[in-house]
Each structure stands twice: as C-alpha cells, then as structure tokens.
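> Residue numbers in the sequence shown follow the numbering used here, run continuously in steps of one, and reach 867 at the last position. Mind looking over this structure? Questions follow.
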Amino acid sequence: MRPILILIAAFVLVFVAKKTVLAQETNLDSLFVQSKRAIGYDLDNALLKAQEGLRLSQERKDQAREIDFLSVLAEVYSRSDNFEAALSCAVKQEKLAKILNNKQGEASALNAQGLIYRQNGNFVDALVYLERALKIFGKQPQNKTVIISMASIDANMGNLLQNFEEFELAHLHLSRALVAFQQQDETMFANMCKLHLSSTLKNTNRLDSAYLLANEAKKFYLKSPRLDYLAFSYLYLGDIERRRSHYDSAIKHTKEFLRLHKTAIKNSNNELLGIFQLAEIYTACKKPKEALSTISVFFQDSAKLDADSRVVFYERLAETYSLLAEPSKAYLYMRLSSILKDSIQTKNKHELLLRARKSYELAQREVAMEHQKATLATENLKLETRRWVVISLVVSAIIAVSAFLWAWQKYRKAALVNRRNGEITAKLQEKQAQLDEQIRHTKLHSLLLEEINKDIAKKQEDMQASLRYAQTIQEALLPHKEKLTRIFGDYMLVFKPRAIVSGDFYWCGEIKEKDNGLLGKTIKVVAVGDCTGHGVPGGFMSVLAMSMLNELIKFGKHQNVSYILDKMHKNLREALKQRRRINEDGIDLALCIIQENNDGTRQLSFGGAGRPLYLYSQKNFLEIKGNKKSIGGKQKETVRRFETENIILKDSPATIYLVTDGFADQFDPQRRKFTSTKLKNLLLSVAHLDLDVQQHIVESGLTEHSVGAEQQDDITLLAVRI
Numbered sequence: 146m147r148p149i150l151i152l153i154a155a156f157v158l159v160f161v162a163k164k165t166v167l168a169q170e171t172n173l174d175s176l177f178v179q180s181k182r183a184i185g186y187d188l189d190n191a192l193l194k195a196q197e198g199l200r201l202s203q204e205r206k207d208q209a210r211e212i213d214f215l216s217v218l219a220e221v222y223s224r225s226d227n228f229e230a231a232l233s234c235a236v237k238q239e240k241l242a243k244i245l246n247n248k249q250g251e252a253s254a255l256n257a258q259g260l261i262y263r264q265n266g267n268f269v270d271a272l273v274y275l276e277r278a279l280k281i282f283g284k285q286p287q288n289k290t291v292i293i294s295m296a297s298i299d300a301n302m303g304n305l306l307q308n309f310e311e312f313e314l315a316h317l318h319l320s321r322a323l324v325a326f327q328q329q330d331e332t333m334f335a336n337m338c339k340l341h342l343s344s345t346l347k348n349t350n351r352l353d354s355a356y357l358l359a360n361e362a363k364k365f366y367l368k369s370p371r372l373d374y375l376a377f378s379y380l381y382l383g384d385i386e387r388r389r390s391h392y393d394s395a396i397k398h399t400k401e402f403l404r405l406h407k408t409a410i411k412n413s414n415n416e417l418l419g420i421f422q423l424a425e426i427y428t429a430c431k432k433p434k435e436a437l438s439t440i441s442v443f444f445q446d447s448a449k450l451d452a453d454s455r456v457v458f459y460e461r462l463a464e465t466y467s468l469l470a471e472p473s474k475a476y477l478y479m480r481l482s483s484i485l486k487d488s489i490q491t492k493n494k495h496e497l498l499l500r501a502r503k504s505y506e507l508a509q510r511e512v513a514m515e516h517q518k519a520t521l522a523t524e525n526l527k528l529e530t531r532r533w534v535v536i537s538l539v540v541s542a543i544i545a546v547s548a549f550l551w552a553w554q555k556y557r558k559a560a561l562v563n564r565r566n567g568e569i570t571a572k573l574q575e576k577q578a579q580l581d582e583q584i585r586h587t588k589l590h591s592l593l594l595e596e597i598n599k600d601i602a603k604k605q606e607d608m609q610a611s612l613r614y615a616q617t618i619q620e621a622l623l624p625h626k627e628k629l630t631r632i633f634g635d636y637m638l639v640f641k642p643r644a645i646v647s648g649d650f651y652w653c654g655e656i657k658e659k660d661n662g663l664l665g666k667t668i669k670v671v672a673v674g675d676c677t678g679h680g681v682p683g684g685f686m687s688v689l690a691m692s693m694l695n696e697l698i699k700f701g702k703h704q705n706v707s708y709i710l711d712k713m714h715k716n717l718r719e720a721l722k723q724r725r726r727i728n729e730d731g732i733d734l735a736l737c738i739i740q741e742n743n744d745g746t747r748q749l750s751f752g753g754a755g756r757p758l759y760l761y762s763q764k765n766f767l768e769i770k771g772n773k774k775s776i777g778g779k780q781k782e783t784v785r786r787f788e789t790e791n792i793i794l795k796d797s798p799a800t801i802y803l804v805t806d807g808f809a810d811q812f813d814p815q816r817r818k819f820t821s822t823k824l825k826n827l828l829l830s831v832a833h834l835d836l837d838v839q840q841h842i843v844e845s846g847l848t849e850h851s852v853g854a855e856q857q858d859d860i861t862l863l864a865v866r867i
C-alpha cells in the first residue's frame, strides 16, 4: 500500500510542476505580446511590460526569451529618444545571441542598432549595421520568419536611403519589402511600406501615386491601434497636398497629425515636424501671421532643440518675417541659421580630423608591431642557422676522426672496422635526415618572412591612405580658390607641402561692418602661417591655428591685429599646456587686415609673428619685418606683445606678399639655400606683372633652383592685389 501512495504523490508532484512551468511560459508569452502591442499607442505601458518580462526571463535563466524582451526594450527606448539605453539593450541582445549561436537574434539586434543610429542622425553607421543584418538573414533557411525579417530590413534600408537622397534605390528596397509582406499576408507591415514608398514618390515628384499609397495606408491604420503610423500617414498626406498646392487639405491633414501627437502619442520631436510643416504650408499659401503663430509655440523652448532642428526653426522664422515685411527680424533669424550651420560644419570637420588622427596612430602601432615580429623572426633564423653550422662542423669532424681510425685499424681487425663503419653510416644517415629537416624548416621560415614583409608593405600602404585622408580634410579646411577670387579678385598661390599633410596654411575672410543697422563696409583679412613641424604633427597644428582665426575673426569679428596675435599666443600656450611642461611648438604668422577709409584711401594693418610682409605699391618694394617672436613656444619674457604696422595706401593698386620660410630655406643639389634676398629680388623683378604671370615665373625659379634636391620644408607663398 505504501509504495502505491508514494507513486501517486510523485505523479501529482510531476503534474503540478509541469503545470507551473507551462503557466510561467504562458505568462512570459503574454507579457511579450502585450509589450509589443503597446509600443504603437502606450510607450510607458510597453516599457513596464518589457522590463517585467526581462526580469522574469533572467530569474528563470531563459536566455531565448531574454533576447526577445531586450529587443522590445531597445525599440521602446528608441521611440522615447533614449538612444543610449536603446543602444545598450541592442548590444546586449547581440552578445547573448552570439553566445547561443542564434543567428536570427543576432541579425535582429544588428537591425535594431541600425535603426537606433538612424534615429540619432548617424546614417552611415546605420546603413552598415542594416547591411550586416541583411547578410546574416540571407544565409538562413528561408522560412516565413526569415522572409518577414529580411523584408523589414529592406524597408528600413529604403527609409534610410532617403536621407542620402538615393530615392530610386530606396524605392527598389521598399518595393521588394512590400511584395514580401503582401505574399506573407503581413498587412500591418505592408501598409507601413506603402507609407514609406509614398515618401520616395513624393521626393521624385510623382505626387498622384504618392497620394494614393499614403491614403491607402491611412485607411488601414484608422482601423489599427498603431496611432504612430496613422499620424505619419496624415503628415505625409499634408506634405503631398502642399506640393500639389491643395493648401486647405494640407492644413487639415497636418493639424490631424498634431492632434494625435498632443492627445495620444506625445512625441515632442515628431510634433516639431508637424509644427514646421504647418508653418511651411501657411507660408506657401501667403498666410504669414498664421505661420508665425504656429511656429511661436516653440519659441520659448527653442534652446532645447538639437542643432539641426534649430537651423530649420530659424529658417522658418526668417521666411515668415520676410513675408510680414519685417526685414530686420528676417535677417536676424537667417543670420542665426547661418552661424549655427557654420558651427555644425566646423564640428563635423573636427570630428573627421580626430578620426583621421586615430586611424593614423593605429596604423603606426600596427606597423611597429609587425616590424618587431619580423626582427624577432630574423634573429631566430640566424640562431638556428648558426646552430646547424656547428652541428655540420661536428659531423664533419666525426667523419674525419672515424675515417682516420678506420685507416689506422684496417690492418688489425677488418670485422671491427666493418661494424664501426656501419655505425658511422647509421649516424651519418641520421645527421643527414636532421639536416634535411632543418633545410625544410629554413624554407618555411623564408616563406613566413616573405609573408611578414607583404603585411608590412600593406600596413605602410594603409598608413599612406590615412595620410591622404588627412590631406583631404586639411584641403577642405583651407580656403578654396573661389573664395580667394571672390574676396580679392586677383591672387597668386604657391602651396607645396613637404609631406602629404602640411604644417603651412593660408587663411582669408571678410568682416561685414554695420552702418545704422544696414551692412556697410567690408573688411578683408588674409594670413599665412608656418606651424612647428610638417606632415601629420604640423597638420594638426595648422588645423588648430585656422580654428583660432575662425573663432577670433570670422565669429568674434575682431579687427585689431595686435589683439588677435596676442589672443592666439595665449590660447595656444593654454591649449598645449606650455606653462606646465616643456613644449616649444609654435606658429609663425603674417596677418593683414585691409579696410577702406572715408577719404577714399585704404588702410593696411599688418602684424607679424616671426614672418615679414613684402609690399609693392607705387613702384616701391618694401619689407616690413614685424615681431621676431612666434605665437606659442618657449616664453622667457613676462608678457609677449605683438605690434601693429598701419600703412595708408593711395588710389593705385598695391600687392602684398606673405611667405613662409620654406621658400628661402630650400636647398639646391649643392646644399645652397634659395635665401630671402634672392626671393625678394625675384619678387621685385616681377611685381609689376599680372599675378598669374608672376606665379609662373616664381614657380619656375624655385624649380630651377631645387631640381635634383629633396624638399626641406613646407613652402607657401600667397600674394593678393588690393
């Protein structure tokens, strides 16, 4: 009887345990479905459900379900504009999927990271992650889940490519995704594709087709809980109607988009899109007061917007005030937009330069490591070779001794000699086998050394590519020829970096003065500088110097030469921490500011930090030496001051020449320098000619002097006629 009772109790316990496990699994499934559905209309509820599901999955060590809830959390955080938390969840999902060898989970995590980078404005990284996800899914067995996942990535890539204005390629990806969703009866995603396809058609001016697709999507989402996609269908319809000049319908659709965001969705960034679009529609239909009223809602909170949104915000205000015949306010906001754009571009250039520097340093470290490996392999090969030479000598000695003993004992014991000869032969065969093995190892070492040399050559090639990339960045920061022509009209430029990247630089700009609230006279600025070193170190210094000139002159509007040079000296010493450590890096700079006086004359203000000014005016050629001290570097004096030379120019044209020391210091094959005296005589002899003719003669003179000799330093000569 007792065994029967024990068996019944065990059966009951197993049944209860199975029921408990099934209940737990059902609970996790329910939480996952509820969190996914809540994303479209209640992000707070979706977040709570997903966090609870993740906690239960971790407690039960159900890593497969943990991947699912991390995916939901990444999407929720992304829609809530919490990009850092979203990216953290997606990265954890990818790592966990790799541990479980879950390729679909890994690809889903890569897709999520691509969407997060796209929403954060990093479109290049977003495209890379989406392509990696699509590649992984393409290698999986093609079932319904994989087909739908690939279609989703195609839709995301199509949506992303619109940011690169690749509308035809975007149309191809979205069309492929739409066909896949329709074949799998995924109507929700199919209508999402229709919505994005309408955007590509709108941007390629196929407005009627775009309107039909967006309207079909709207009708579907009216019956769906996805209020976010319903809102975007109204936004797209409003933009299409604006482009078709159906302004009443455009206003109606856009207001419906805003109503959904204010009452249900509550996404401030998307609401801002609707505000801008509504203001744009009012502007297009000549209702500036309504446009101003619409956009003024965000006026108090404009400082909280990101930089790109503020640019659009200022542009909309400028357009509106222009229609309201208030030019001063229109100019103010257009100027704010322009300044903010310049700031964004400068920041992007600095980021590119930092990337180039990191890439260059990494390549340098890799080349050093490979060189060290090659040196070690060579030393090992030499040691092995010496070892086997000694062995060969020993073997030869053994052979000689054995032969001598054999000859000496030949007449005594023939049998003993034969036995010992056999032993010697066996030893020789063994040594020969060892020698053959060593030869084989030597050949293998040679092949390995050849591969190492190839790798070193490849690293050097990559380093050169990094340098060329840094050159591209530096050339983008230097003034273009069009800018020099626009400011000065006639100019001459000889710019010859010693390495790929230059420590020399040249800079020009304009300062618009205001007169009674209107634009008055234009002040022109030109500078040539020589930073310590050349190549990449000099290039970094030149970027720092140009950034300081932009800050002080372009943005700070400073016109006092002495003040600008003093300020650059203080800023450079502070940036390089030269007060606390020995660092003699500095900048030699020649700076000119030209402005017109009320009496018709022109005033040339010059300041030199280690570099002179050559001036040709009224058939006279002058050299103004400036200050002998450089900007930055070692400072023994208490305060370093830079003086300003003011020169009044009459009506006749004048030519100013700014040059670095690389021109005068260039050697010929006999190690003789070009010299400053020879350079001044050359400029004096051609100063009366047109600047394009002068440039040909000056470059020919430099070439004739330095032919057959290596360039010693960066060379820069800039001349402008004023």
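We put the beta carbon where it would ideally sit given N, CA and C, even for glycine.
Whose CA, out of Ala376, Glu425 and Glu386, lies closest to the CA of Lys407?
The option with the nearest alpha carbon to Lys407 is Ala376.
> Measure from the alpha carbon of Arg816 to the alpha carbon of each residue in His841, Asp607, Ala854 and Asp835, then state which is nearest.
Nearest of His841, Asp607, Ala854 and Asp835 to Arg816, Cα basis: Ala854.
> Starting from Thr617, trace the alpha helix (DSSP H) in both directions and tell me its first and last residue.
Ala559 to Leu622 is the extent of the alpha helix (DSSP H) around Thr617.
> Run the CB neighbour count on Ile860, radius 10 Å, all protein chains shown included, and call it buried at 16 or more, exposed below.
Looking at its Cβ environment, which holds 16 or more other Cβ atoms inside 10 Å, Ile860 is buried.
> Can you find at least 3 beta carbon pairs, one from the region 811-829 and one from the region 788-799, that sit closer than 8 Å?
Too few Cβ pairs lie closer than 8 Å, so no.
> Taking the beta strand (DSSP E) that Thr800 falls in, what are its first and last residues?
Thr800 -> beta strand (DSSP E) spans Ala799 to Val804.
> Can you grab the Cα-Cα spacing for the pair Arg866 / Met608, in whole Å?
For Arg866 and Met608, the distance between alpha carbons rounds to 40 Å.
> Provide the residue(s) that pair with Lys641 in DSSP beta bridges, ordered along the chain.
Paired residue(s): Ile860.
> My output table needs one value for Gln249: the three-state DSSP class, helix, strand or coil.
Gln249 falls in the helix class under three-state DSSP.
> State buried or exposed for Asp330, treating a residue as buried only when at least 16 other CB atoms are found within 10 Å of its CB.
Counting Cβ neighbours within 10 Å, Asp330 comes out exposed, since fewer than 16 surround it.
> Identify every residue that forms a DSSP beta bridge with Trp652.
Paired residue(s): Ala672.
> Alpha carbon to alpha carbon, what distance is there between Lys699 and Lys669?
Rounded to whole angstroms, Lys669 to Lys699 spans 11 Å at the Cα level.
> Report the rounded CA-to-CA distance for Met686 versus Gly648, giving the unit in angstroms.
Approximately 7 Å between the Cα atoms of the pair.
> With a threshold of 16 other CB atoms inside 10 Å of the CB of His586, please say whether the residue is buried or exposed.
Answer is exposed; the Cβ neighbour count stays below 16.
> When the distance is taken between beta carbons, is Leu279 closer than 8 Å to Ile298?
Closer than 8 Å, so yes.
> If contact is defined by three or more beta carbon pairs under 8 Å, each pair taking one atom from either stretch, is the region 559-569 in contact with the region 595-609?
Output reads no: the region 559-569 does not touch the region 595-609.
> Could you please give me the residues that DSSP links to Cys737 through a beta bridge?
Looking at the DSSP assignment, Cys737 forms a beta bridge with Val671 and Phe751.
> DSSP puts Tyr636 in a beta bridge; with which residues?
The partner list for Tyr636 (beta bridge, DSSP) reads Val865.
> Within a Cβ cutoff of 6 Å, which residues of the same chain sit near Ser821, ignoring the five residues on either side of it in sequence?
Once the five neighbours on either side are set aside, the close Cβ partners of Ser821 are Ala809.
> Rounded to whole angstroms, what's the CA-CA distance from Asp189 to Met333? Just pull it up for me.
Spanning the two alpha carbons is a distance of roughly 22 Å.
> Are there 16 or more other CB atoms within 10 angstroms of the CB of Glu239, so buried, or fewer, so exposed?
Buried, by the Cβ-count rule.
> Contact between the region 770-778 and the region 838-851: three or more CB pairs below 8 Å?
Short answer: they don't touch.
> Using the rule of at least 16 other Cβ atoms within 10 Å of the residue's Cβ for burial, across every protein chain shown, is Leu767 buried or exposed?
Burial call: exposed.
> Any chance the region 205-224 sits against the region 232-247, with 3 or more Cβ pairs inside 8 Å?
These segments touch.
> Can you grab the Cα-Cα spacing for the pair Tyr614 / Val646, in whole Å?
So the alpha carbons of these two residues sit roughly 9 Å apart.
> Using the Cα positions of His391 and Leu319, report the straight-line distance between them to the nearest angstrom.
If I take the Cα positions, the gap works out to 27 Å.
> Quick one: give me the first and last residue of the alpha helix (DSSP H) that Phe377 is part of.
Start and end: Leu372 to Arg388.
> Taking contact to mean 3 or more Cβ pairs, one atom from each stretch, closer than 8 Å, check whether the region 240-253 and the region 205-219 are in contact.
In short, these stretches touch, since the Cβ pair count reaches three.
> Ser394 by DSSP, collapsed to three states: which one?
If DSSP states are grouped into helix, strand and coil, Ser394 belongs with the helices.
> Return yes when the Cβ of Tyr381 is within less than 8 Å of the Cβ of Ser354, no when it is not.
The answer is no: Cβ separation not under 8 Å.
> Return the first residue and the last residue of the beta strand (DSSP E) that Phe812 is part of.
It is not in any beta strand (DSSP E) - Phe812 carries neither H nor E in the DSSP assignment.
> The alpha helix (DSSP H) that contains Phe326, what's its start and end?
Its alpha helix (DSSP H) spans residues Phe312 to Gln328.
> Rounded to whole angstroms, how far is the Cβ of Leu862 from the Cβ of Val639, which I believe are closer than 8 Å?
Contact holds; Cβ gap of about 4 Å.
> If you compare alpha carbons, which of Asn791, Ala832 and Ser851 is closest to Gly807?
It is Ser851.
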